[in-house]
Each structure stands twice: as structure tokens, then as C-alpha cells.
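First up is the structure itself, then whatever we jot down about it.
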Amino acid sequence: MRSGLPGLAMAGVAALVLGACAIQAPSMRTERGKDVSVQVEYLQPERFTDIGETFPGGTKRRDANLDELRRHIERRAQRVLGDGQRLQVSITDIDLAGKTEPWHPRMPDTRIVRDVYPPRIDLRFTLTDAEGKVLSSGERHLRDFMFMSSGRGYSSDPLRYEKVLLDDWIEREFGASRGG
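If you number the sequence shown the way the working numbering does, the last residue is 237 and the count never jumps.
Quick look at the structure:
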């Protein structure tokens with residue numbers, strides 16, 4: 058009997074549609090059963106202002122940038138979270154530092170970094186304790202209009218300005234969680 062087939066097809070379509078809406082890190086438990094304390098997801102990354110897909114590499118570049126920023130947030134936040142604390146971060150928009158300036162005839166696909174093109178990251182977060190009680194949550198619009206004069210960070214990293222922006226937010230928001 059084929060009466061169940063349309064229902065299965067609809068469930069498959071629904072799963073595809075929902076899956077296209079967010080790129081998400083693995084669940085709070087890894088395959089080996091070890092708890093992880095930081096989870097990062099990207100909500101509709103195809104709609105982000107600028108994550109690098111307009112440059113050579115296209116969506117591969119976008120996915121590589123998103124993966125690198127996810128790993129960076131995980132590493133940095135795990136250093137400052139208290140025992141048993143968990144952090145869920147949902148990135149809603151990213152605009153990398155710099156822009157293309159297509160009017161440059163010799164460099165139409167080159168990212169030009171100027172102080173008028175600061176990095177921007179919009180996100181929502183929830184910090185919980187070991188029992189799941191919400192300790193802190195909110196929405197943040199991260200900006201660094203002085204990004205070119207800070208002189209710190211990751212000198213040869215293509216995402217250096219965004220990483221410093223995230224480092225500052227993590228330390229400001231959660232640094233006190235560990236008592237210092």
C-alpha cells in the first residue's frame with residue numbers, strides 16, 4: 058500500500074527546508090558522549106551581509122570562514138566558562154572587515170580594508186549552569202570602529218579583525234564567570 062509514501066516525502070521535504078535554515082555545530086554531546094560546553098550555530102548564513110563568498114572560493118570560502126569562527130568561539134569561550142556552564146551562541150549576521158571596491162580596475166575582487174569598513178557580528182546567546190538554569194542571555198551587535206588601530210591579535214589571519222571582536226566580547230561578557 059502506498060498511502061504512507063506521500064507523508065514520508067513531505068517529512069523529507071520539511072527536513073530539507075529546516076536544514077537549509079541553519080548551519081549548526083554538533084549537539085552539546087559529541088559522538089563519544091563527552092559533554093561540550095559551547096555550541097555555535099549560524100542562522101541563515103546565506104543571508105549574512107558578508108562572510109567572504111563573493112571572493113574566490115565562493116560558498117567553500119564562506120563555509121571555511123564560518124567553521125573557523127565557530128572553532129574560535131568554542132576555544133575562547135571554553136577558557137572562561139565556569140565548571141558545568143554551557144554557552145549557546147546563535148550568529149544572525151556577519152559583515153567582515155573590508156569591502157571590495159569594484160571601481161579599482163586592477164583589483165575588482167580584492168578586499169580593501171579601511172577604517173570605514175569595520176567588522177560587524179550580530180548574535181544571540183544563552184549561558185546556563187550545570188543544572189540548565191539561565192545565568193545570562195541576550196542579543197549583541199558587536200562592532201569595532203577602532204579595529205585598525207588596536208594593533209593586537211592575529212597578524213596574518215584573514216579573520217583577524219573578527220576574531221579580536223569575538224575575543225573582546227567573550228572576555229567582557231563571560232570573563233567574570235570564572236572569577237576573574
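Backbone N, C-alpha and C fix where the C-beta goes; we use that ideal spot for every residue, glycine too.
With respect to the 8 Å criterion, residue 180 and residue 193 are not classified as neighbours on the basis of their beta carbons. In the DSSP annotation of this structure, the continuous segment of the beta strand (DSSP E) that includes residue 191 starts and ends at 191 to 200. Assigned with DSSP and collapsed to three states, residue 169 falls in strand. For the 8 Å CB-CB criterion, residue 223 and residue 130 form a contact. In this chain, the beta strand (DSSP E) harbouring residue 143 covers 143 to 152. For residue 100, the closest C-alpha among the options 175, 207, 146, 219 is that of 146. Straight-line measurement puts the Cα of residue 230 at about 26 Å from the Cα of residue 173. By the beta-carbon neighbour count (other beta carbons within 10 angstroms, threshold 16), residue 177 is buried. The beta-carbon separation of residue 154 and residue 211, rounded to 12 Å, does not stay under the 8 Å limit for a contact.
Burial is judged here by how many other beta carbons sit within 10 angstroms of a residue's own beta carbon; residue 163 has fewer than 16 and is exposed. For residue 200, the closest C-alpha among the options 187, 215, 226, 214 is that of 226. For residue 184, the uninterrupted beta strand (DSSP E) segment begins and ends at 177 to 185. In the DSSP assignment, residue 156 is bridged to 169.
For residue 168, the closest C-alpha among the options 220, 215, 116, 228 is that of 215.
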